[in-house]
DNA sequence: ATTTCGTTATGCAAAATCAGCACAACGAAA
DNA sequence: TTTCGTTGTGCTGATTTTGCATAACGAAAT
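In structure tokens:
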């Protein structure tokens, strides 16, 4: 028996360039939790190189500063999210959930059953 | 001034493998119109190789026959969609539009303005 | 002052993926 | 029997992704 499921994705673009999607959302949340890029990379099981590249690509198109980085210190360094980034993540988080939810709902309507609400 | 926009994507999976998304949807519609894979590839401006690979990947997971191919003949050959494929495309087409529309609506709600309806 | 430490940042090469050219096989119609 | 534009596929070069290795950093600890 083959299982048919629906999946959806939402992302934001700035001037037509990818800006914030699911992967970067999770990465930024991990940075928020861990207090550094490398901690976030470890948590997500990706290389620091990759995490750094994603953030750099994002910042290249960001209309405001995303991160505050500090290097050095006994702890090596740290990076924290700006308030604007936190607000952005909050808004995107609800958008993301709403769209995923609607996708499931419409899928049920168009494919399996009928009722939409 | 940087322009912030939302984009969204919906696709179907069979047993966790990508099955039908936007690209394959358009490709199948082009096959329907042109009556052959190569005509579809020409219409979409992609190589026959690429179009063929997409259809092959899709058929590998399809729970029913997607295409009926005929090779040979003065016209070279042809491929047409099965009735099941046509029904699938119809359902996916409405799903796709509904989700994209909702994404725009939620974006307006979460980011720029307020009213959702 | 000097050392220490785990960060940030980046060059570079290997690996994996993608794109597309080239060509064989096909077989109904002419 | 010939002809034609398909379908199907091998292969190669280009492109993207991945990750190893290492430099730079600088506040805190000594």
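Protein chains in written order, with my numbering: chain A, 1183 to 1299; chain B, 1183 to 1299.
Glycine residues also receive a C-beta, built at the ideal position from the N, C-alpha and C atoms.
Check for me: the beta strand (DSSP E) holding residue i runs from which residue to which?
i: residue 1195 (chain A); result: 1186–1196
i: residue 1202 (chain B); result: 1199–1202
Mind reading off the beta-carbon distance from residue i to residue j? Whole number of angstroms is fine, and I expect it under 8 Å.
i: residue 1281 (chain B); j: residue 1190 (chain A); result: 6 Å
i: residue 1192 (chain B); j: residue 1277 (chain B); result: 6 Å
i: residue 1194 (chain B); j: residue 1236 (chain B); result: Contact doesn't hold; Cβ gap of about 14 Å is too wide.
i: residue 1233 (chain B); j: residue 1222 (chain B); result: 6 Å
i: residue 1197 (chain B); j: residue 1185 (chain A); result: 5 Å
i: residue 1274 (chain A); j: residue 1202 (chain A); result: 6 Å
Does any residue of chain A bring its CB to less than 8 Å from the CB of residue i?
i: residue 1241 (chain B); result: no
i: residue 1247 (chain B); result: no
i: residue 1273 (chain B); result: yes
i: residue 1261 (chain B); result: no
i: residue 1268 (chain B); result: no
Could you confirm whether any beta carbon from chain B is found closer than 8 Å to the beta carbon of residue i?
i: residue 1190 (chain A); result: yes
i: residue 1237 (chain A); result: no
i: residue 1210 (chain A); result: no
i: residue 1197 (chain A); result: yes
i: residue 1280 (chain A); result: yes
i: residue 1193 (chain A); result: yes
Name, in chain order, the residues that DSSP records as bridge partners for residue i.
i: residue 1268 (chain B); result: DSSP, once it has assigned bridges, lists no residue as partnering residue 1268 (chain B).
i: residue 1279 (chain B); result: Paired residue(s): none; residue 1279 (chain B) is not in a bridge.
i: residue 1263 (chain B); result: B:1249
Residues of chain B with a CB under 9 Å from the CB of residue i: which are they?
i: residue 1277 (chain A); result: 1188, 1285, 1288, 1289, 1291, 1292, 1293
Output the boundary residues of the alpha helix (DSSP H) element that contains residue i.
i: residue 1223 (chain B); result: 1219–1226
i: residue 1240 (chain A); result: 1230–1243
Whose Cβ in chain B lies nearer than 7 Å to the Cβ of residue i?
i: residue 1204 (chain A); result: Simply none; closest approach about 11 Å.
i: residue 1184 (chain A); result: 1196, 1197, 1245
With a threshold of 7 Å (Cβ to nearest heavy atom), would residue i be considered close to the ligand SAM?
i: residue 1288 (chain A); result: As presented, the structure is devoid of all ligands, the ligand SAM included, so that no description of it is given.
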